[in-house]
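First up is the structure itself, then whatever we jot down about it.
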Amino acid sequence: MKLKPFYLILLLLFVSCGGAKSITNIESASAKDVIAAHKAATPDFKTLAGRAQLVYETEEKSQSITVSLRMEKDKNIWIKASILGITVAKALITPTRVSYYETIGKTYFEGNFALLGEWLGTPINFQQTQNLLLGQSIFTLNPSEYKVAIAQNKYKIQPKQQPQDFIHSLILNPENFKISSETLGQPSAERLLSIRYGDYQNIERQFFPSTILIDTSEKNSKTKIEINYRKIEINANVSFPFEIPQDYEEIQLN
């Protein structure tokens, strides 16, 4: 049985925060300076807890769910999705393992990052998943391999030479060097992932988005997700309860 709960894995893309170092002249900034400032904007915390309302839309349906997120930086990412207070799915991600179950179809998955890679359309590891959650670049930005330009008073960063059949670019806000938008594409597969962050809110000197818009497409299939934050708390006491029910059926990857 193959499950495609795109809304669950894509909701992993909805947290962003961090501090920033300043660049006085946006026009004269080098790729080295901008990339260094983006890396410096990586958030510094031990744990994170948040709640958000997520609206998931495809051509066939529209659904609204409540999402709880907990993180222990570099160790655990825990997600619970609920509808009307009833848990419909949980996921626990560590540097070596992905575990997931959903209550409606009574299915589960335990294994490596192949499932995340299948849902996102590109291989991905724990650090890249965490970067997505924190509004940092998915890929390592080497100043010798990337270039920077000014686009609508923001920084546009992209490889000097795009890898074959793969497109990657990101736009950074000059005021905090957090991502305004990031795009990943595979033209031959007609696959595109676009993430846009709305205004950022400052919580304990770190920046968090108020709204995130996610668009994905693969050939004739399109998905849209809108995430609106209700609450974010850092360095709170959190736990990561996760136990797969015994009568659930394991998901098989083709």
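As numbered in mature numbering (1 follows the signal peptide of the UniProt record, and there is no 0), residues -20 to -1, 1 to 234 make up the sequence shown, in order. Beta carbons: idealized from backbone N, C-alpha and C, even for Gly.
* Compute the distance between the beta-carbons of G65 and K211, then report whether it is under 9 angstroms. => no
* Asked: Thinking just about the alpha-carbon of each residue, which of Y81, E229, Q144 and S160 is nearest to the one in I137?
  -> S160
* Reference K204; option with closest CA among A20, I118, T163 and E37 -> E37
* In three-state terms, what does DSSP make of I15? -> helix
* Use the C-beta contact count for Q43: other C-beta atoms within 10 angstroms, 16 or more gives buried, fewer gives exposed. => exposed
* Could you give the distance in angstroms between the alpha-carbon of Q107 and the alpha-carbon of D54? -> 7 angstroms
* Asked: Would the beta-carbon of Q132 fall within 9 angstroms of that of I147?
  -> no
* Figure out for me which residue from E40, S62 and S190 has the closest Cα to the Cα of residue 242. => In the structure as shown, the chain begins at -20 and stops at 234. Residue 242 is therefore absent and cannot be evaluated.
* Asked: In three-state terms, what does DSSP make of S219?
  -> coil
* Ordered along the chain, which non-local residues of its own chain (more than five positions away) have a Cβ less than 7 angstroms from that of V32? -> For the sequence presented, residue 32 should be read as Ala rather than Val. Cβ neighbours of A32 beyond the five flanking positions: F(-7), V47, I207, N208, Y209 and R210.
* To do: Give the DSSP-derived three-state secondary structure of F146 in the structure shown.
  => In the structure shown, F146 sits in coil (DSSP, three-state: anything other than H, G, I, E or B).
* Asked: Does Y180 have its Cβ less than 9 angstroms from a Cβ in chain B?
  -> Within the model displayed, chain B is absent; a lone protein chain is all it includes.
* When S197, N200 and R176 are compared against S190, the one with the closest alpha-carbon -> Each of S197, N200 and R176 was checked against the Cα of S190, and the nearest Cα belongs to R176.
* Asked: Could you check where the beta strand (DSSP E) with L112 kicks off and where it finishes?
  -> Counting along the chain, L112 falls outside any beta strand (DSSP E), though it belongs to the alpha helix (DSSP H) covering F106 to L113.
* Which one or two residues does DSSP pair with F188 in a beta bridge? -> Q181
* Rounded to the nearest angstrom, how far is the Cβ of H92 from that of F220, given a contact under 8 angstroms? -> Going by the sequence as given, residue 92 is Asn instead of His. With a Cβ gap of about 19 angstroms, N92 and F220 do not count as contacting.
* Asked: Which whole-angstrom value describes the C-beta separation of A9 and V128, a residue pair presumed to lie in contact below a C-beta threshold of 8 angstroms?
  -> 7 angstroms
* Through-space distance from F187 to Y180, alpha-carbon basis -> 6 angstroms
* Asked: Buried or exposed: K158, going by 16 or more other Cβ atoms within 10 Å of its Cβ?
  -> buried
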